[in-house]
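Position in the sequence shown (from 1) plus 270 gives the number in the working numbering. Read through the structure below, which is laid out as C-alpha cells, and then see the notes.
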Amino acid sequence: MSRLRVRRRFLAFLVAAGCLVMAGPPTGDATRSDRINGAGRVTAPAERLTPVVRQLSISGTGDILPHSPLWSQAASNAGGVGFDFAPMFADIAPVIGLADLSICHLETPIVPVGQAPSTYPQYGVPVEVTNAIASAGYDRCSTASNHTFDRGVAGIGRTVSSLESVGVQQSGMARTPAEATPQVVSVNGAAVAHLSYTYGFNGAYVPSGQQWRSPLINAGRIIADSRAARQRGAELVVLSLHWGVEYDRQPSAEQRRVAEAVTASGAVDLVLGHHAHVLQPIERINGVWVAFGLGNFLSNMRESAWFPASSQDGAIVDFNVTFVVNAEKSTGFEAVVDRPRVTPTWVDRDNGWVIRDVHAQLADPTIPGGRRAALLRSLARTTAVVGEFVQR
C-alpha cells in the first residue's frame, strides 16, 4: 500500500500444489452459482474443490460532508493556524486501518486555490480534510456525488490533486480523459478496480464535451466499465454509487433497478452506496452484496426540523474477499466476498464532531450518562436497519 500503517492482515496464504479447500470463505458464503439453503446459508457442492490463492479485506464508510461548523472546530483544533480535522477521526482510525483496502466517500470538492471555502448548497471545503482522511487510514475515496461540480472544474482538479498529495487514490473525478478510465490497482497482490458514479450534479454547469469528468449512474455504462476493467485484468470490481432518496431508510425503486441490473451482469463483486445520509439495508442480490446506504460518517446533521436523528448514524462495513482458482474467469480467479460485518458509528457533535465507535464507547464505563444514552439510541436505530450484520 502507499502508506505504512498498522493493519490487521486477514489470513493470507498460498495453498501448496495439490492442497485443496472448499471454494468459499470459512463462514459458508460461496459464489454466485451456489444455492442458498432454507436456513439462509450458502452451500457449495462437495465436488467443487478449488485452491485458494489469496485473501484481502475491504472496508467502506458513508458520507464525509464537512459543513462550516466543523471548520470552526477544525480551526480550533489547529490552534488558529489552518484547520485540523484529524481529531474528528481519531476514535475510529484504528478500525479504518485494519483493512487492506479502506474506501471513504468524500462528498464535497476541495476549495480551489485562492478561493474561500463554502458550505451548503455549493461546497468547497478546506484542503486539510484530506490530511485527516489519510491519517485515519483510508487508501482511496469515491468522489462522484451531486456536489462534484459545486466549485467547477477547478474544484475537481483541486480535489484529485489534494488526495493524490497525501497518498489517497480516488475514483469519481477526473482531470483528464485518461484519468476517467477506470484504473486497476494492486491490493495485497490482487488486481482491484474501484468505480464511482452519481445520480446527478444538482443542475450544476458541466462544460460542454467534459461529461467524462465525473460519471453518471447508468446501468449499461456501469456494466460496460466493469467488463472493461475485467479485460484489463481486474479480479475484483467494487462500485461506489451515490444514489437514493435523502433521509429515506428504504432503497428507492431506482436503486433496486440499478442494483438488480449491475449485480446480474456477473461483472461486479461488491456495491457500496451513499447519499441518503441515513443507513439503508445491506442485501445480497444475485449473489452480490449491496450496501444500499452507509449513512453519514462525518457531518453537522442532527435531529431537527430538517434532519432525522439517524443522520448522525453511520457504519464501517467490512468484507473478507477470498480469491479462488476458476478457469472460466478471464483472470483465472474468482472473488468470493464474505458476509459483511458492521461497526456502528455516531457523530458526537457535542464533543468536537468526533466520529464514535459506538460499541467501543459503550464498553467504556467512564463516558458521561448523556452520551451513553445517545449512543444507545443510535445503536437501536442502526440495529433496526442492519442489525443482522452488526458486530457485537
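Ideal placement from N, C-alpha and C gives every residue a C-beta, glycine not left out. It should be emphasised that the depicted structure is a prediction, and the values quoted were computed from it without experimental measurement.
Here's the rule I'm using: 16 or more other beta-carbon atoms within 10 Å means buried, otherwise exposed. How should residue i be labelled?
i	result
glutamate 516	exposed
arginine 646	This sequence places leucine at residue 646; arginine is not what is there. Label assigned to leucine 646: exposed.
alanine 643	exposed
tyrosine 475	exposed
threonine 446	exposed
glycine 640	exposed
arginine 527	exposed
In whole angstroms, what is the alpha-carbon distance linking residue i and residue j?
i	j	result
valine 612	threonine 533	21 Å
proline 296	valine 351	In this prediction, proline 296 scores a pLDDT of 36, lower than 50, which makes its location untrustworthy; the coordinate-derived value is nonetheless stated afterwards. Looking at the two C-alpha atoms, the distance is approximately 50 Å.
glycine 349	alanine 523	47 Å
histidine 417	isoleucine 637	36 Å
aspartate 634	leucine 433	34 Å
proline 578	threonine 389	20 Å
alanine 575	histidine 547	15 Å
glycine 473	valine 438	28 Å
arginine 302	leucine 340	Model confidence at arginine 302 stands at a pLDDT of 29, short of 50, so the residue's coordinates are unreliable; what they give is reported in the following sentence. Roughly 43 Å between the two C-alpha positions.
glutamine 631	asparagine 347	22 Å
arginine 651	glutamine 550	11 Å
glycine 565	asparagine 621	20 Å
aspartate 333	serine 581	10 Å
arginine 311	valine 606	Confidence at arginine 311 is low in this model, with a pLDDT of 30, below 50, so the placement of that residue should be treated as unreliable; the coordinate-derived value is given next. Taking the straight line from one Cα to the other gives about 15 Å.
If you compare alpha carbons, which of the options is closest to residue i?
i	options	result
glutamine 343	Asp608, Ser648, Val656, Ser569	Ser569
histidine 629	Gln501, Trp616, Ser388, His337	Trp616
glutamine 453	Ala463, His375, Ala444	Ala463
serine 600	Gln631, Glu505, Ala404, Ile380	Glu505
valine 560	Gly584, Thr429, Ser510	Ser510
alanine 444	Pro379, Ser456, Arg651, Ile403	Pro379
proline 336	Ile373, Asp354, Asp627, Leu326	Asp354
valine 507	Thr652, Phe659, Val457	Val457
tyrosine 525	Gly563, Ser346, Trp482, Ile362	Here residue 525 is glutamine; the residue named in the question, tyrosine, does not match the sequence. The residue with the shortest Cα to Cα distance from glutamine 525 is Gly563.
arginine 500	Asn556, Val558, Val591, Ala461	Ala461
serine 478	Val423, Ala531, Ser441	Val423
phenylalanine 419	Arg527, Glu377, Ile552	Glu377
glycine 657	Gly584, Asn596, Gly490	Gly584
valine 436	Ser405, Ala448, Arg491, Phe593	Ser405
Any heavy atom of the ligand MN closer than 7 Å to the CB of residue i?
i	result
histidine 464	Absent from the structure shown: the ligand MN. Ligands present: none.
In the DSSP assignment, what residue or residues form a beta bridge with residue i?
i	result
tyrosine 390	Tyrosine 390 pairs with nothing; no bridge assigned.
serine 327	Asn590
isoleucine 373	Gly330, Arg410
Tell me which residue opens and which closes the beta strand (DSSP E) that residue i is part of.
i	result
glutamate 398	Taken as a continuous stretch (DSSP letters only), glutamate 398 belongs to no beta strand (DSSP E), being part of the alpha helix (DSSP H) at 398 to 406.
phenylalanine 359	Counting along the chain, phenylalanine 359 falls outside any beta strand (DSSP E), though it belongs to the alpha helix (DSSP H) covering 356 to 359.
leucine 506	506 to 512
Let's see if you can read the secondary structure: which residues bound the alpha helix (DSSP H) around residue i?
i	result
histidine 341	It should be noted that the sequence gives tryptophan, not histidine, for residue 341. Here the alpha helix (DSSP H) through tryptophan 341 covers 338 to 347.
glycine 602	Taken as a continuous stretch (DSSP letters only), glycine 602 belongs to no alpha helix (DSSP H), as it is neither H nor E.
alanine 597	Neither: alanine 597 is in no alpha helix (DSSP H) and is coded neither H nor E.
glutamine 439	Unbroken run through glutamine 439 is the beta strand (DSSP E), 439 to 441; no alpha helix (DSSP H).
arginine 496	Note that residue 496 corresponds to serine in the displayed sequence, not to arginine. From DSSP, the alpha helix (DSSP H) with serine 496 extends over 489 to 501.
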